[in-house]
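Remarks on the structure that follows.
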Amino acid sequence: MDIQLLEKNKELTKLSFVLKGVEPAYANSLRRYMINKVPTMAIEDVEFRKNSSALYDEVIAHRLGLVPLTTDLKSYNLPKDCKCKGVGCSQCQLKITLKVKGPKTVYASDFKSKDPNVKPAFPKMPIVKLLKDQELEFVALAIMGVGKEHIKWAPCLAYYTCAPNITVNNSSSKFEEFKNKYPEQIFDGKGKINKQKILDLNLVDACDGICEDIVKIEYSNDTFNFHIESWGQLSCKEITAESVKVFNKALNDFSDKLKEIK
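To get this note's numbering, take the position in the sequence shown, counting from 1, and add 711.
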């Protein structure tokens, strides 16, 4: 197995890399674990003390649950794995409060968290607009969960494509007949098709199937271009590392169960 970095942004909320030497089943399992099995924090229960806004309690509660919260994987556990057995303690849940009075727009930045490491990933997310003398006050509990239980715990969008293998034949007898059907951006200064431009400009699909005698595109079964976009709870590096950790644990648990069979 080999990994080659393609692109990342400064905040590590976007990451692209090439994964080589693995089966399609492994690549897809890794993608699914990134989305469905990596734990994050999200608001689960809300107790409203006051709400005179134009929105019902349940509408605001739904919005609160979808606010991405930065997550500290080392400090919190999933309720089922916590020493409290899911009853609730400081290692599996966190209290978040809010108390505001209009006129103002309530933003995620108005949340008061007991843990400075767990806070809204995007402070400027609007929750509700309050008119003069309208009030909103609540006490919420954020807990660890996974995307398989509810999308609010999903940490990212993750997808992959099979890496293309491109063969270009500029000396084909059909070149003049078909060259006008290809995107003009892929030609160099001499009027020849440049294979690297097809890749760099992401025009693989636009060139596929026109004339295989000129541009032939085949897709690898063991090399994949991975793309991850974090929703803000964790960096893409943390998401990738944690997904591998959880995936390996699942395989080890499966292996242990097999050994128990006589």
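Where a beta carbon is used, it is the ideal one built from N, C-alpha and C, also for glycine.
Bear in mind that the values here come from a model prediction, so they are computed numbers and not experimental data.
Over what stretch of residues does the beta strand (DSSP E) that includes residue i continue unbroken?
i, result
"L726", "K725 to K731"
"I854", "E846 to G856"
"A753", "T751 to N762"
"E929", "V926 to S941"
Could you say which of the options lies nearest to residue i if we only look at CA atoms?
i, options, result
"S882", "S941, N876, Y818 and K903", "K903"
"T781", "E758, E888, F822 and V811", "F822"
"E887", "E860, I921, K721 and K748", "I921"
"K908", "K901, I897 and V915", "I897"
"S931", "C873, G900, C867 and G943", "C873"
"Y893", "T808, L789, H773 and D919", "D919"
"F849", "E755, N905, K794 and I939", "E755"
"K843", "E923, L789 and K815", "K815"
"L841", "V811, E971, S727 and I877", "V811"
"M752", "E971, I972 and L945", "L945"
"E953", "R742, R774, D911 and D933", "R742"
"L784", "G776, L809, N828 and Y744", "N828"
"K927", "F889, L914 and N880", "N880"
"G813", "I862, L847 and K973", "L847"
"Y787", "P750, K731 and T808", "P750"
"L962", "K719, Q715, V729 and Y744", "Y744"
"T808", "K830, L910 and F965", "K830"
"K825", "I838, Q802 and P875", "Q802"
"K906", "L716, V729 and P875", "P875"
"R774", "L717, F889, I939 and V839", "V839"
What residues match up with residue i in a beta bridge as DSSP calls it?
i, result
"F898", "I904"
"V817", "V839"
"S824", "I807"
"A869", "I939"
"K812", "E846"
"D713", "K731"
"L707", "The chain is shown only over 712 to 973; residue 707 falls outside these bounds and no answer can be derived."
"E718", "S727"
"I877", "I928"
Which residues bound the alpha helix (DSSP H) around residue i?
i, result
"K948", "C947 to E971"
"Y737", "P735 to N747"
"A772", "D768 to G776"
"D792", "Run containing D792: none; DSSP gives neither H nor E here."
"E888", "F886 to F889"
"C918", "V915 to C918"
Would residue i be called buried (16 or more neighbouring beta carbons within 10 Å of its own) or exposed?
i, result
"Q845", "buried"
"G943", "buried"
"M712", "exposed"
"C800", "exposed"
"G900", "exposed"
"F937", "buried"
"S764", "buried"
"P779", "buried"
"I925", "buried"
"P790", "buried"
"L969", "exposed"
"C795", "exposed"
"L981", "Residue coverage of the chain in this structure runs from 712 to 973, which leaves residue 981 outside it and unanswerable."
"S884", "exposed"
"L912", "exposed"
"G1023", "Not covered by the structure: residue 1023. The range shown for the chain is 712 to 973."
ask   = Per the contact definition of three or more C-beta pairs closer than 8 Å, is the segment 728-739 in contact with the segment 766-782?
value = no
query = Is there contact here, the segment 944-953 with the segment 714-730, by at least three beta-carbon pairs under 8 Å?
reply = yes
request  = Taking 8 Å as the threshold, find out whether the segment 753-761 comes into contact with the segment 957-964 through three or more Cβ pairs.
outcome  = no
ask   = Is the segment 852-869 touching the segment 810-822 in the sense that three or more CB pairs, one from each, lie closer than 8 Å?
value = no
request  = Would you check if there are 3 or more beta carbon pairs closer than 8 Å linking the segment 833-843 to the segment 859-867?
outcome  = no
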